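Beneath this line is the structure, given in structure tokens, with notes to follow.
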Amino acid sequence: MVNTIKLPGGKSTALNSSRKIILPILILILLAIIPLYLYSNSPSPEITINGSVPFFKKNKVSSPLHFPQNTSNDSTRVTSDYKCDIFSGNWVPYPKGSYYTNETKCVIDDRQNCMKFGRPDIEFKKWRWKPDECDLPLFNAVEFLDLVRGKTLAFVGDSLGRNQMQSLICLLASIASPAYVSCVQETRWLYPDYNFTIAAFWSPLLVRAHDADPNGYSLNSLMNIYLDEADEAWATQIENVDIVIISAGQWFFRPFMYYENGKVIGCHICHKRNITDLTGHYGYRMAFRTAFRTLLRLQNFKGLTILRTYSPSHFENGDWNKGGNCVRTRPFAKEEVKLDGYELESYLTQVEELRAAEKEGRKRGLKFRVLDSTEAMVMRPDGHPNHYGHWPHENESIADCVHWCMPGPIDTWNEFLLQMLKMEDQGAIDGKLQKYP
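The structure is reproduced here in structure tokens:
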């Protein structure tokens, strides 16, 4: 709503008419200037959703990214001191659509190949992330491969890490196709022309874990999890990796028996007498703490560690195992949604542990950064496979509102990644974490 101000009306004598006209005009000018001055000198407001608790403070990001306001889509070296938080913004229409299709010769897990299985709408592919204070350049495969020439990039975590890895391979497919190399404990993709390797380490809990009853596995069966022992599947392979993208989330809220120093210290949803009932977030915090400390203690590790933050699910009309689904076809606006409950606590927990690791890492010259995808993805209930990760006749009753369709909003994660690597290459990211909640 626009507020209008009427100039005073009425008759006046010739002698006073000029004075009566000039005075209101001067007052109006002052009224216009003062709010602008106050606004320009006030701190950035917090982002609030529906007038409730702030979703994210404006200064949430791991380090300010020095970023030119009107960056073109080609490779541009940063020459400005302008700081832009690329992780805070909104989704805007982008009629050109996605970088690739489900028929591109790349790696798309069938469970995320939504178009293959008949998803009828395509509008979910026609949105781009627009930061509040700048433009996010399009993904440039040539630029990315030049930045990672001679390096190894590893994804450590669960199937959402694999989801991002496959997105990256598809984004690079316009320039290069990798050779698939299968190893005992991980999957590797080699780009021989660039001597660049992508590795994926399956470790959904980051630490050592196994089923409490080897014969009784189910989605809700009890697992033993050793919170102070990193999973050897990645910990023994990571020392010479140049870039580590670590993430974990959805697996931490099932029944667990918690171990530290080889002894039971509590459990989560175990329903056993005389055992302390600890929260799922206790295990979540300790697993990230152990993972980061493992990287800090590896003598030869000199790589860049990136935490990709919590990826929210969007089940509606029921829980994941009680008929919940995700049928929306458009993004939420920022004002329509907020992260809360266990998902907000998960985000805050992992960020706190990353911040502690970054402080220790500075003593060794190790870099810890945040790829903060959470705000962007909480607005994308339309980006999940739902029931389009399989054929209808397969009678799969559980909707997938956790993973992300490919192509789709997950490609934005790798747009973020490219900009972070550019800033690291140019020395434009501050060495100290400054933008946390």
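In full-length UniProt numbering, the protein residues as written are 1 to 437.
All C-beta atoms, glycine included, are put in the ideal place defined by N, C-alpha and C.
As the structure is a prediction and not an experimental result, all values here were calculated from the model.
Partner residues in the beta bridge of R128, as assigned by DSSP, are V92. About 6 Å separates the Cβ atoms of I175 and V142, confirming a contact at the 8 Å cut-off.
Distance from the Cα of T329 is smallest, within the candidate group F124, R254 and W91, for F124. If you draw a 10 Å sphere on the C-beta of Y180, you find fewer than 16 other C-beta atoms in it, and that means exposed. I86 sits buried, since 16 or more C-beta atoms from the chains shown fall within 10 Å of its C-beta. Shortest Cα-Cα distance from D132 to any of I108, W91, F117 and V156 involves W91. Bounds of the beta strand (DSSP E) holding C267 are K263 to H268.
Per DSSP, reduced to three states, the secondary structure at M257 is strand. Its chain contains G280, G283 and Y284 as the residues whose beta carbon lies nearer than 6 Å to that of F252, once the 5 sequence neighbours on both sides are disregarded; these appear in chain order. Per DSSP, the beta bridge partners of R369 are I306. Judged by DSSP secondary structure, M115 falls outside any alpha helix (DSSP H); it is assigned neither H nor E.
Taking a contact to require three or more Cβ pairs closer than 8 Å, the stretch 162 to 175 and the stretch 253 to 273 do not qualify as touching.
For D146, the uninterrupted alpha helix (DSSP H) segment begins and ends at A141 to L147. The three-state reading of DSSP puts L172 in helix, counting H, G and I together. Within the DSSP bridge table, the entry for R188 names V181 and A199 as partners.
Taking C-alpha positions only, A230 is separated from P95 by approximately 45 Å.
Shown here, A333 sits in coil according to DSSP, grouped into three states, outside any helix or strand. Around the C-beta of H393, fewer than 16 other C-beta atoms lie within 10 Å, and the residue is accordingly described as exposed. CA-to-CA, the gap between E103 and E360 works out to about 45 Å.
C-alpha of G161 to C-alpha of F301: approximately 21 Å in a straight line.
Judged by DSSP secondary structure, V156 falls within the beta strand (DSSP E) whose first and last residues are T152 to G157. Of the residues E336, W202 and L136, the one whose Cα lies closest to the Cα of Q164 is W202.
Counting the other CB atoms within 10 Å of its CB gives K363 a total below 16, which places it among the exposed residues. Remark: C-beta atoms of Y258 and L296 do not approach each other more closely than 8 Å. Using a 10 angstroms sphere on the CB of W391, the tally of other CB atoms stays under 16, which defines it as exposed.
Considering only G318, M423, E375 and A357, the residue with the shortest C-alpha distance to K130 is E375. Secondary structure of D211 (DSSP, three-state): strand.
For V351, the three-state secondary structure derived from DSSP is helix. Of the residues N195, A200 and N224, the one whose Cα lies closest to the Cα of H210 is N224.
S313 counts as buried, since no fewer than 16 other beta carbons sit within 10 angstroms of its beta carbon. Using a Cβ distance threshold of 8 Å, L371 and R289 do not count as a contacting pair. By the 16-neighbour rule on beta-carbons within 10 angstroms, G89 is buried.
Separation of E396 and G408 (C-alpha to C-alpha, rounded to the nearest whole angstrom) is 22 Å.
Excluding sequence positions up to five before and after T349, its CB lies within less than 8 Å of the CB of H281, Y284, R285 and F288, all in the same chain and listed in chain order.
Going by DSSP, V378 is part of the alpha helix (DSSP H) stretching over T374 to V378.
Contact between I198 and I169 holds, with the beta-carbon distance rounding to 7 Å and staying under 8 Å.
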